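So for the sequence shown, the numbering used here puts the first residue at 4; every next one is plus one.
Below: one structure, written as structure tokens.
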Amino acid sequence: MPRQSRIVLVDYPHHIIQRGHNREVIFSGDEDYLYYLDNLRLWKTKLGCKVYAYCMMSNHVHLIINPGENPENLGLMMKRIAGRQTRYINSLEGKTGSLWEGRYKSSPIQADEYLLACCRYIELNPVRAGLVDLPVQYRWSSYPERMGAVKQSILDLDPFYLSLGDAPPERSEKYEQLLNETIPEQILKKMREAVQRGQLTASSSLAREVSEKFGRCLEFRGPGRPRKLRGEGNGK
4 MPRQSRIVLV DYPHHIIQRG HNREVIFSGD EDYLYYLDNL RLWKTKLGCK
54 VYAYCMMSNH VHLIINPGEN PENLGLMMKR IAGRQTRYIN SLEGKTGSLW
104 EGRYKSSPIQ ADEYLLACCR YIELNPVRAG LVDLPVQYRW SSYPERMGAV
154 KQSILDLDPF YLSLGDAPPE RSEKYEQLLN ETIPEQILKK MREAVQRGQL
204 TASSSLAREV SEKFGRCLEF RGPGRPRKLR GEGNGK
């Protein structure tokens with residue numbers, strides 16, 4: 004059965020997860036992280052994409068990417084970055100084969116409701132994993148750059164983050180307050196399940212609208228078989 008094409012929406016942020024093959028380590032030292040960041044900076048600039056959040060853990064990567072007006076740029080950007088990282092690591096370790104676990108997973112995000120929550124979820128990953136006590140202590144996420152603690156020239160500030168205040172200190176303070184608030188469990192569940200299933204992290208109304216447009220279910224419904232969309236056949 005052929006794989007369904009990935010849903011990419013024009014000028015929408017997309018939550019992306021890419022894991023190492025068999026959950027193996029991708030980044031074993033500072034040079035590996037820095038090489039990935041260099042390529043992230045290079046290809047987002049070349050393709051006109053925007054990076055709203057990132058977090059590199061030892062065996063997987065979280066990103067929030069807006070592909071801009073050309074949805075094909077999302078896949079092209081991920082292909083270039085993943086391919087370069089594979090060749091780099093293989094050349095260092097004298098190996099061949101894939102560094103990554105198949106295709107990356109992605110979920111378009113309804114920005115006004117879920118984008119900042121998704122950014123917080125990603126940037127708190129090292130805290131949840133017990134690697135640091137505070138997100139600003141973790142070098143390989145967008146949080147220190149967002150707070151002005153480091154200058155990486157990778158992060159693009161999305162309109163909803165910018166709306167938190169008129170000046171960087173005000174935005175940083177309000178975002179930090181948000182970070183300390185618990186993300187509701189139903190939102191966490193929706194974000195996690197949507198990216199694993201390639202569905203939308205969005206309100207039910209928007210998910211239904213986009214589902215109708217693409218002719219397949221993109222709305223998280225929890226356990227059980229999804230309802231068929233109108234006009235969807237009994238394909239095998």
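Idealized CB from N, CA, C, for every residue including glycine.
A quick note: this is a predicted structure, and the numbers were derived from the prediction, not measured.
- DSSP places I190 within a helical segment (H, G or I) once states are collapsed to three.
- Burial is judged here by how many other beta carbons sit within 10 angstroms of a residue's own beta carbon; E126 has at least 16 and is buried.
- If you look at A120, you'll find it in the alpha helix (DSSP H) that goes L119 to E126.
- A Cβ-Cβ distance of about 18 Å is found for the pair G32 and W103, leaving them out of contact under the 8 Å criterion.
- Out of L12, L37 and G100, the CA that lies nearest to the CA of E75 is found in L12.
- The three-state secondary structure of S175, taken from DSSP, is helix.
- Here N93 has T99, G100 and L102 as same chain residues with Cβ atoms under 8 Å from its own Cβ, once five neighbours each way along the sequence are excluded.
- As the crow flies, the alpha-carbon of M194 is around 7 Å from that of C121.
- Within the segment 26–61, the complete alpha helix (DSSP H) segments at least 4 residues long are 33–50, listed from N- to C-terminus.
- In the DSSP assignment, I67 falls within the beta strand (DSSP E) that extends over H63 to N69.
- Within its own chain, the residues whose Cβ lies closer than 7 Å to the Cβ of S110, once the five positions on either side in sequence are excluded, are H17, H18, A197, V198, G201, Q202, L203 and T204, listed in chain order.
- Counting along the chain, Q88 sits inside the alpha helix (DSSP H) bounded by residues E75 to E96.
- By a beta-carbon distance limit of 8 Å, A152 contacts V139. Their separation comes to about 6 Å.
- Of the residues assessed, D161 falls on the buried side of the cut-off, its CB having 16 or more other CB atoms within 10 angstroms.
- For P162, the enclosing alpha helix (DSSP H) begins and ends at P162 to L165.
- Residue range K108 to P111 is occupied by the beta strand (DSSP E) that includes P111.
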